[in-house]
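Structure, as structure tokens:
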Amino acid sequence: MNWISPRALTRMGMLNMNRRNVDYISRYNDRTSYPLVDNKLKTKLAVAEYGVKTPKLLQVVRQQHEIPHFRTLAEDLYGFAIKPAKGSGGKGITVITGRDGDEFVKASGARVPASYLERHLSNILAGLYSLAGTPDVAIVEDLVQSVPGLARYSFQGVPDIRIIIFQGYPVMAMLRLATKASDGKANLHQGAVGVGLDIGSGQSLNSVQFNRPIMLHPDTGLALENINIADWEEMLTMASRCYEATGLGYMGVDLVVDVNEGPLLLELNARPGLAIQMANGRGLLPRLRAIESLKKHHFTPETRARHAMDIFASRH
Amino acid sequence: MKSRSRVPFFAAIALLIIAGISIATWRHIEIGIPWLTGEQQPVWMVEARIDFEASGEPLLASLNIPEQSPGFRILSEQAASPGFGFSIVDQDGTRRAEWTKRDVSGEQTLYFKTQFIPDPGANPDRPHRAPKPMAVFWEEPQATAVREVLQQAEERSSTPESMTRELIRLMQPKDTQAQNTTLLVSGTNYLDLLVRMLNHAGISARTADGLILEDARRRQPLSPYLQIYDGEEWLTFDPETGEQGLPEDVLLWRQGADSLLDVTGGGASNVSFSMLRQTIPAIQLAAMQAEDNGLGFLSLYQLPVEEQSMFRMLLLLPLGALMVAFMRIVIGIRTSGTFMPVLIAVAFVQTTLVPGLIAFTSVVAIGLLMRSYLSSLNLLLVSRISALIILVIFITAGLSIAGYHMGFNTGMTVTFFPMVIIAWTIERMSILWEEEGAHEVLVQGAGSLFVAICAFLVMDAPLSRHLTFNFPELHFAVLGLILLMGQYTGYKLSELRRFTPMKAYD
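Chains A and B are the protein sequences, given in the same order.
Numbering of the first sequence is given in my numbering, commencing with residue 2 and proceeding in unit increments.
Numbering of the second sequence is given in my numbering, commencing with residue 1488 and proceeding in unit increments.
Here it is in structure tokens:
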């Protein structure tokens, strides 16, 4: 058994679960804003006013009897994603990447009939994937086409970028790459690879899978040390805008880079996980305290992103 | 957002914990509820036996019984006398046990049993009115002798107590000035004489009878004592030695009453006493006394027995909740459903651990198998859960019947498990299995069972059952601890393992 002493963790400023819940989430996140982030449909509408783009909404299925309409819509679609509006952690998301005759091709390559998708919609409406098991709505979105520069690192799935936004300032970021172990999903606890990103430049720092440092992607075999995210400042600014849109003081912003649309917001998370610290190889606390001790906050997302890039840049 | 000062919060928590513990301590001292189970307290069982010869007339036997003996409290009284009418009569501040029968002859025996608890703090109430000394008349030549002896005693004393002591000393035959004494003592009852002389000297005096307590003695007589009134209370003296005060092992059976036993309609009456030192659980004692104590209102013993047993169970729940809070906040064990482990632990308390574990795991395992079929039916969530509840009931019924036919009574205990909770557990486990794989199901299932077993061990310990039921106020302290844990922002034990790879960056 391997243990790390609590003193070492404190020295590195590692944020832990209890402190995150008491000192950050419950202090800076107003409960009334939760529905905004827990419901993807509301998130889409809220951030649209602040100029944050999301994948194009194709259809919303609210009632059981609307499911047959989905089949007519799906006739003309090539690639799309079905998501539960209140799902969390990527649960219940089905991605269709193409057609094979009457059948649909899933991201994993499996072929499924239309009845499979209808049953999936029915499950979503019943609340199978929603946070408290409450009835839900299903949203059908345009398929995100990841930029090839990033997509090649990921095994299936779309790589996404998680940025922690604290009081409107980006404080830490990582790139999440799906693996075979994570079944094409970008969740770290399911085995996705997390690549820490330098806030100052968008350059990759360390990489972890299952909390252990790695150098190469386990499936694609590509080296992870020289990834560079394009348009980094624009992405940070976009993530900072979500603070104005939701009012949440401590949240995780998940972005993807679409080959046609550029950066898109996938979802917001009011309870972002702690694994981002492992991917970056440093604790969140010093950065959070740096923001908390700011005498004067910057008013625009642009200045906040700029300021964060200055103070949180890694010095190589 | 501003961070509020934590001081009032911690002060409130400290107040809660201190209040809980101090109320418990207070009740422990006042009512005598023991801290530990199985604590014993000595009790004296004294049995008065009355023998007499009935003459065939209507009979009334009346025995003086103690009301307030210094140094003792009465726990229970009981008369054993088949065929006799019995009642306890309160008369001019003295209590008498009275047996009555219309037609009785021959040798008769009556019993009266009393349990006494030694209690150094127990003192008789003071008399409402100060007793007046009796007027006493003497005939010559005693009158002169009395006057002389009293004069001598008075010269050597200053208070009623010292006067009494001196008088007793003077009345002893060994005293040098034995002339007057011999004259007085001859032919009369010595103790009555002392009482009369003291009353003559203006000091209220009376006789009392005491019983020397020794374990397992039978047929003991009462010993006489002298009591005088000092203006505030009755003081007891040994009439032979003049020693003031009552030895600890002496129980005053009769005080104030004129006679110990009166038998009308019978003769040759005699009272003798047997005694036995018993020990009874201190908790039983406290329960018996709670009723007449002001603090008794806090006691759950006054509820009907059925409600009491329900509260026994309910009051254990906070301990389980405390355990779950500790395991999740400080240790960091993942469980399926926040308080599912507590409910399972409550069921374990009723089934005992091993049969409960076997029953629970088999119900959940069979339920998971059936649930995998349900999931292929593509049902709506609510009807799926409802179907699962019915299936769980079928499973428990099946297990009970199968267990019964195979000769295991343990099969029957399955019914103690909360069906709806089990159904939800199965549902959650099954979704977890589909989404995160069997490993996560094992981790959370084992975590839940581990926490349930810990909660069970805490709740099942005789000490915690005893403390939670007899000192319900201790739950303030439990509440305080839970609130305190809600403020714990330190690392969980599990995080020390999770973050181990960070060593590389330190």
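Note that beta-carbon positions come from the ideal geometry of N, C-alpha and C, so glycine has one too.
Measure from the C-beta of G128 (chain A) to each C-beta in chain B and report whether the shortest distance is under 8 Å.
G128 (chain A) counts as touching chain B.
Quick one: which chain D residues come within Cβ less than 7 Å of M15 (chain A)?
Among the protein chains in the structure shown, which are A and B, there is no chain D.
At a Cβ threshold of 8 Å, is G1977 (chain B) touching chain A?
Closer than 8 Å: yes.
Three-state secondary structure (DSSP) of R1746 (chain B):
Position check: residue 1746 (chain B) holds Ser in this sequence, whereas Arg was assumed. Look at S1746 (chain B) here: in three-state DSSP terms it is coil, with no helix or strand label.
Could you name the residues of chain B that P214 (chain A) contacts, counting a contact when the two beta carbons are closer than 8 Å?
Under the 8 Å cutoff, chain B gives P1988, A1991.
How about P1842 (chain B) and A1942 (chain B): do their beta carbons lie closer than 8 Å?
No, they are not a contact pair.
Between the region 1815-1838 of chain B and chain A, which residues of the former have CB atoms less than 8 Å from a CB of the latter, in chain order?
Considering only beta carbons, the part of the region 1815-1838 of chain B lying closer than 8 Å to chain A consists of I1816, G1819, in chain order.
So H299 (chain A) and Q168 (chain A) are in contact, right, with Cβ under 8 Å, and what is the actual spacing, rounded?
About 10 Å; that fails the 8 Å criterion.
Rounded to whole angstroms, what is the Cα-Cα separation between R1741 (chain B) and D1696 (chain B)?
Distance between R1741 (chain B) and D1696 (chain B), taken at the CA atoms: about 5 Å.
L189 (chain A) and G274 (chain A) closer than 8 Å at C-beta
Yes, the pair counts as a contact, with Cβ atoms nearer than the cut-off.
Check each candidate in B:L1878, B:R1815, B:N1757, B:A1834 and name the one with the smallest Cα separation from T1596 (chain B).
Checking every option, the nearest Cα to that of T1596 (chain B) belongs to B:N1757.
Cβ distance (whole Å) where I1913 (chain B) is taken to contact G1967 (chain B) below 8 Å
In fact, because the Cβ distance is near 36 Å, the residues do not count as touching under 8 Å.
Give the straight-line distance between the Cα atoms of G192 (chain A) and V172 (chain A), rounded to the nearest whole angstrom.
The straight-line gap from Cα to Cα measures roughly 24 Å.
I1940 (chain B) to I1770 (chain B), Cα distance in whole Å?
I1940 (chain B) and I1770 (chain B): Cα-Cα distance of roughly 28 Å.
Output yes or no for whether 8 Å exceeds the beta carbon distance between L1546 (chain B) and T1587 (chain B).
Yes, Cβ-Cβ distance for L1546 (chain B) and T1587 (chain B) is below 8 Å.
Cross-chain neighbours of L1867 (chain B) in chain A, by beta carbon under 8 Å:
Neighbours of L1867 (chain B) across chain A, judged by C-beta separation under 8 Å: S123, A127.
Please state if the CB of G1519 (chain B) and the CB of L1772 (chain B) are separated by a distance shorter than 8 Å.
The answer is yes: Cβ separation under 8 Å.
Check this for me: beta carbons of Q1528 (chain B) and T1822 (chain B), under 8 Å apart or not?
No; because the gap between Cβ atoms is not below 8 Å, this pair is not in contact.
Counted within 10 angstroms of its Cβ, other Cβ atoms place T1751 (chain B) as buried (16 or more) or exposed
Only exposed fits T1751 (chain B), as fewer than 16 other CB atoms lie within 10 angstroms of its CB.
Taking Cβ positions, are F1599 (chain B) and L1550 (chain B) nearer each other than 8 Å?
Yes, these two residues count as a Cβ contact at 8 Å.
Enclosing beta strand (DSSP E) for E1927 (chain B) [first to last residue]:
Boundaries around E1927 (chain B) are those of the alpha helix (DSSP H), 1925-1947, since no beta strand (DSSP E) includes it.
Length at least 3, wholly inside the region 1708-1770 of chain B: the beta strand (DSSP E) runs in chain order:
Fully enclosed beta strand (DSSP E) runs of 3 or longer: 1710-1716, 1721-1724, 1737-1742, 1748-1751, 1753-1768.
Same chain only: Cβ atoms within 7 Å of P36 (chain A), ignoring 5 sequence neighbours per side
K43, listed in sequence order.
Thinking R242 (chain A) and P302 (chain A) are a contact (beta carbons under 8 Å), I'd like their distance in whole angstroms, please.
That pair is a contact at about 5 Å.
Out of A:A75, A:I68, A:A9, point me to the one whose CA is closest to E320 (chain A)'s CA.
This structure cannot speak to residue 320 (chain A), because chain A is shown only from 2 to 317.
Under 7 Å Cβ-Cβ, which residues of chain A neighbour E1517 (chain B)?
In chain order: nothing, as chain A lies at least about 40 Å away.
Can you pull the chain B residues whose beta carbon is under 9 Å from the beta carbon of R283 (chain A), in chain order?
Ordered by position in chain B, the residues that pass the 9 Å Cβ test against R283 (chain A) are M1989, Y1992.
Sort out for me which residues DSSP pairs A1584 (chain B) with in a bridge.
Here A1584 (chain B) is bridged, per DSSP, to B:L1550, B:I1575.
Quick one: is Q1789 (chain B) near chain A, going by C-beta distance under 8 Å?
It does not; no Cβ of chain A falls within 8 Å.
Is there contact between the region 152-170 of chain A and the region 220-227 of chain A, where contact requires at least three CB pairs shorter than 8 Å?
Short answer: they touch.
So with Cβ pairs under 8 Å, would you call L178 (chain A) a contact of chain B?
Not one chain B Cβ lies under 8 Å of L178 (chain A).
Let me check understanding here. Comparing Cα to Cα, which of A:L249, A:K92, A:K54, A:M15 lies closest to M239 (chain A)?
Nearest in C-alpha terms to M239 (chain A), of all of A:L249, A:K92, A:K54, A:M15, is A:K54.
Cut-off 8 Å between Cβ atoms - residues of its own chain near Q60 (chain A), not counting five sequence neighbours on either side
So the qualifying residues of the chain are H70, F71, L74, I140, V141.
When the distance is taken between beta carbons, is P85 (chain A) closer than 8 Å to D137 (chain A)?
Going by beta carbons, D137 (chain A) and P85 (chain A) fall inside the 8 Å limit.
For the region 1685-1705 of chain B against the region 1713-1726 of chain B, do three or more pairs of beta-carbon atoms, one drawn from each stretch, fall closer than 8 Å, so that the two count as touching?
Yes, since at least three Cβ pairs between the region 1685-1705 of chain B and the region 1713-1726 of chain B fall closer than 8 Å, the two stretches touch.
Just how far apart, CA to CA, sit L1763 (chain B) and A1834 (chain B)?
Cα to Cα, L1763 (chain B) sits roughly 44 Å from A1834 (chain B).
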